[in-house]
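Per our numbering, the sequence shown starts with residue 249, numbered consecutively. Cβ coordinates follow ideal geometry from the N, Cα and C atoms, glycine included. A quick write-up on the structure given underneath.
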Amino acid sequence: ETASTLSFIYMLSIYAIYVFRLKYQTGSFDRVANVFLNMMAICAACGIAQFVLQFVLGADSVFPIDTYAPDSILYEGYNVIIPLEYESTIMKRNGVLFLEPSLFSQFLGLAVIVELLRGRSLAVLVLFAIAMIVSYSGTGMILVALFLPFILIKRANAGILIVGAVLGGILLTTG
């Protein structure tokens with residue numbers, strides 16, 4: 249009784265996409281992964297620049313979409329400009345284009361996982377890690393922590409996995 253007919257048609261049209269299957273072409277995943285990683289590298293650089301520039305230009309200038317766009321086009325209910333702590337002048341980063349720092353961090357975590365699976369560049373991993381740190385959101389770090397053991401097992405790095413588990417245990421007990 250609470251849903252309208254148009255809402256139901258909209259839902260069916262969204263799920264209709266999953267009825268069809270695309271023909272697999274060799275290299276298609278690699279192309280999609282490259283595009284995703286390149287876009288995330290740009291977003292990570294924007295997030296790091298946003299962090300550095302907040303000390304020079306101020307928080308209003310480094311959140312241009314949220315500060316200068318009309319309220320009618322912005323989503324309600326999202327915490328876009330979030331101080332690091334109560335009355336802090338340091339703001340959590342959203343990478344300019346993401347709604348919240350947690351979404352920015354989550355996409356960075358996914359990019360780290362894809363990058364680890366692909367093994368392209370250590371410099372890109374460092375870029376993603378720095379951006380994840382300056383986002384001040386743990387969503388991406390939790391995502392990486394959940395999938396890192398599986399990646400290490402796949403790569404047959406059991407020694408690194410054991411050392412990581414021991415270090416993680418030490419951090420948990422001393423933290």
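| Item | Value |
| --- | --- |
| Once the 5 residues before and after LEU364 are set aside, which same chain residues still bring their CB inside 6 Å of it? | ILE399 |
| Taking the continuous alpha helix (DSSP H) assigned at THR387, which residues delimit it? | 387-402 |
| Report yes if the CB atom of GLN298 is closer than 7 Å to the CB atom of VAL344, and no otherwise. | yes |
| Pick from LEU285, PHE395, ASN342: whose alpha carbon is nearest that of GLN302? | ASN342 |
| In chain order, what residues of the same chain have a beta carbon less than 7 Å from the beta carbon of ILE296, not counting five sequence neighbours either side? | ILE378, ALA379, VAL382 |
| Nearest to LEU375 by alpha carbon, out of CYS291, ILE338, SER350? | CYS291 |
| Let me make sure I understand the geometry here. Which of THR387, PHE355, GLY367, PHE352 has the alpha-carbon closest to that of ARG403? | GLY367 |
| If we call anything under 7 Å between Cβ atoms a contact, is GLY357 one with GLY407? | no |
| Could you pull the start and end residues of the alpha helix (DSSP H) that ASN286 belongs to? | 276-305 |
| Would you tell me roughly how many angstroms separate the C-alpha atoms of GLU333 and GLY386, rounded to the nearest one? | 15 Å |
| Let's see if you can read the secondary structure: which residues bound the alpha helix (DSSP H) around SER353? | 349-366 |
| Do LYS340 and TYR384 have their C-beta atoms within less than 7 Å of each other? | yes |
| With C-beta atoms as the reference, is LEU415 less than 7 Å away from PRO397? | no |
| Can you tell me where the alpha helix (DSSP H) holding PHE256 begins and where it ends? | 253-263 |
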